[in-house]
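Heads up: the sequence lines are chains A and B, in that order. Mapping to UniProt numbering: the first sequence position 128 is 128, numbers consecutive. Mapping to UniProt numbering: the second sequence position 241 is 241, numbers consecutive. All remarks here apply to the structure that follows.
2 protein chains.
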Amino acid sequence: MDSIKVFAPATVANVTCGFDILGFAVENPGDEIILKTCKKPGVVIREIKGDEGRLSHAVEENTATISILNYLTHVERDIGLEVYLHKKMPFGSGLGSSAASSVAGVFAINQLMGQLLTTEELLKFALEGERVASGTGHADNVAPSLMGGFVLIRSYDPLDVIKINTPENLHAVIIHPNIEVNTKDARNILKKNVPIKSAIRQWGNVGGLIAGLTMNDFGLISRSMEDAIFEPVRSMLIPGFDQVKASALEAGALGCGISGSGPSIFALSTADGTARKIGTVMKDQFAQIGIESEIFVSKINQKGPVILD
Amino acid sequence: MDSIKVFAPATVANVTCGFDILGFAVENPGDEIILKTCKKPGVVIREIKGDEGRLSHAVEENTATISILNYLTHVERDIGLEVYLHKKMPFGSGLGSSAASSVAGVFAINQLMGQLLTTEELLKFALEGERVASGTGHADNVAPSLMGGFVLIRSYDPLDVIKINTPENLHAVIIHPNIEVNTKDARNILKKNVPIKSAIRQWGNVGGLIAGLTMNDFGLISRSMEDAIFEPVRSMLIPGFDQVKASALEAGALGCGISGSGPSIFALSTADGTARKIGTVMKDQFAQIGIESEIFVSKINQKGPVILD
């Protein structure tokens, strides 16, 4: 194999009560990467599309190529490689854009090298790439993009990542309003301490959400999708959040929350039709305050990255 | 029916990371109650055994009779009732002693009245009885004693209680050292705020523990049984805690922690033989510092209260 094209999915992290520990992959949007081996040694970025000129072409600054370089160092291969990155999702959107690029890169190079490492082993290289973009490696974006499904980060130190069983017909709808929130800013407005009462309520909900997902209890999933700690603070950066969320719940969403650090908002539902209806009412709400938006509806993506050619 | 004898099980609450939200029932020890209808109206306590004379015989002060009185008021029955309570577990032990009495009382009276209420409906009466003993109604003791099994209290307001699927062969060992910790004191030494980092680690572990239990992943259960917030503080009230815990883990325990607010300590394991071995080494550790102790080994009790005669 001297060329490969890979798709890696967008992800929803900070799933309501599961701040920093729960994320899931969707079927679209996502990023595409093409890797081509060449005679001249070293890794070069030949093209980046869909980034409106905002991403660096320097290989040591781009999330995709950082993960590739780390991988190549680890497996001790010194090859010539041309990289073509096609960003097919909005930037700074809370959909794990940098994580998807990083995952696409490391998954593609591992395929090109004949799968020298397992998916689990790839995780640390993908995380390292993502760390450059956001200052910290968000495993709750990177892990679901790489592994597919609904993923729990039980621990960051040591890293302990678990794929959670979920109901077959769980659908996600994501709305991306055309505004931007910087991840670092969104983290900086968070408090350093939480009242023990709020923390207990939060871990009760985390327990409920995991129990609901693994035991196929949609009522429990719905009741557990609550975040009384971060959402009230972060949602202030998203105009119209309360109204959009209320409209989603009224349209039948199991629950609704900020995707990652926003401004995208996600909702879960039990059927494709309901998810589409929810998307429409959310879009209407944003339109009412003059904000354009884009909707993505899919099942939970269980596959993670896939080879396109 | 004019007489009934009921057993209600002891419980382990505050299961490691699941402070205030996770508890489970064991097969022994537990409390027994006998109710006999009589001609003279009103509820009277005829006998309390096993309490070393420490429990009040006043019906409005005893957890068992408070729950019975509240039940009778709710169902609008005015009967004559004699109550015989046999405490068959240590007092102030962290094994949900008051919860078991409360559950035994309300379960027994409901049987005697021809099951006017469902188990779910009984919960609030049992909680009310327990509230008198500890100042707050610990649903993570009361609910597993009443419902059996491993129980998640997702929320206290409104009360939302979920029975969690658990692996068939999950065994518990409990050791009760012959020292006493007052529940109110044990709560008072806890902080009012927690660092956000610790809280995130705790809810990651709660997610991991629930996922491990429902997905039959013993490794995950083991890794998730960690409490870096409360255990370091509360364990200071239990002499030898660190050594006892270390010995349990070395003997093959999946995990080990304080039962309720202590001083009892519990461990989980995958087999009866291992659980017994763990109990022996824990008992040896306490003996080395001159503390006598009592061991209880059983599977997770899935039944809750049972009618004995």
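The beta-carbon is built from N, C-alpha and C at its ideal position, and this holds for glycine as well.
Inter-residue spacing [alpha-carbon to alpha-carbon] between residue i and residue j
i, j, result
"B:N193", "A:K191", "11 Å"
"A:K36", "A:S3", "4 Å"
"A:G260", "A:A139", "11 Å"
"A:T166", "B:L209", "16 Å"
"A:K88", "A:P29", "6 Å"
"A:I221", "B:I21", "17 Å"
"residue 331 of chain B", "B:V233", "Outside the shown range of chain B, which is 1 to 309, sits residue 331 of chain B, and nothing can be said about it."
"A:A8", "A:P90", "14 Å"
"B:R201", "A:R154", "7 Å"
"B:S46", "A:V161", "The question names Ser, but residue 46 of chain B is Arg in the sequence shown. Cα to Cα, B:R46 sits roughly 56 Å from A:V161."
"B:C38", "B:V44", "10 Å"
"A:V151", "A:M113", "27 Å"
"A:V12", "A:G204", "21 Å"
"B:E250", "B:S98", "33 Å"
"A:D51", "A:R77", "29 Å"
"A:G92", "B:F218", "39 Å"
"B:L69", "B:A246", "45 Å"
"B:G290", "B:P195", "37 Å"
"B:T119", "B:M147", "7 Å"
"B:F296", "B:I109", "28 Å"
Where the alpha helix (DSSP H) containing residue i begins and where it ends
i, result
"B:L213", "196-214"
"A:V75", "63-75"
"B:G279", "272-288"
"B:S101", "97-112"
"B:P144", "139-147"
"A:F296", "Here A:F296 belongs to no alpha helix (DSSP H); instead the beta strand (DSSP E) covers 293-299."
"A:F241", "241-250"
Any chain B beta carbon closer than 8 Å to residue i
i, result
"A:S155", "yes"
"A:L170", "no"
"A:K192", "yes"
"residue 320 of chain A", "Shown here, chain A extends from 1 to 309; a query on residue 320 of chain A therefore has no answer."
"A:A10", "no"
"A:L220", "yes"
"A:M236", "no"
"A:A228", "no"
"A:A199", "yes"
Unbroken beta strand (DSSP E) run spanning residue i, endpoints
i, result
"A:I164", "159-164"
"A:F150", "150-156"
"B:S224", "It is not in any beta strand (DSSP E) - B:S224 instead sits in the alpha helix (DSSP H) that spans 218-224."
"A:L81", "80-88"
"B:F230", "Per DSSP, B:F230 belongs to no beta strand (DSSP E) and is neither H nor E."
"A:D31", "22-38"
"B:F7", "3-12"
"B:E47", "42-49"
"B:A172", "171-177"
"A:C17", "Run containing A:C17: none; DSSP gives neither H nor E here."
"A:S269", "265-269"
"B:G53", "Neither: B:G53 is in no beta strand (DSSP E) and is coded neither H nor E."
"A:I258", "255-258"
Chain A within 8 Å of residue i, Cβ atoms only
i, result
"B:D160", "yes"
"B:T65", "no"
"B:M113", "no"
"B:N188", "no"
"B:P195", "yes"
"B:N165", "yes"
"B:M215", "yes"
Min CB distance residue i to chain D below 8 Å
i, result
"A:F150", "Protein chains in the displayed structure are A and B, and chain D is not among them."
Touching by the beta-carbon criterion (3+ pairs, under 8 Å), the region 59-66 of chain A and the region 83-92 of chain A: yes
Three or more C-beta pairs below 8 Å linking the region 121-128 of chain A and the region 273-283 of chain A: no
Three-pair Cβ contact test at 8 Å for the region 207-214 of chain A versus the region 235-244 of chain A: no
At least three beta-carbon pairs within less than 8 Å, the region 244-260 of chain A to the region 268-275 of chain A: yes
Chain-ordered residues of the region 141-153 of chain B with a beta carbon less than 7 Å from chain A: L152, I153
The region 98-108 of chain B touching the region 63-82 of chain B, judged by at least three CB pairs closer than 8 Å: yes
At least 3 beta-carbon pairs within less than 8 Å: the region 221-238 of chain A vs the region 138-157 of chain A: no
Where the region 201-213 of chain A meets chain B: residues whose CB sits under 9 Å from a CB there: R201, Q202, W203, G204, N205, V206, G207, G208, L209, I210, A211, G212, L213
Interfacial residues, the region 12-32 of chain A to chain B, with Cβ spacing under 8 Å: C17, G18, F19, D20, I21, L22
contact_flag[the region 289-306 of chain B, the region 169-179 of chain B] where n(CB pairs < 8 Å) is 3 or more: yes
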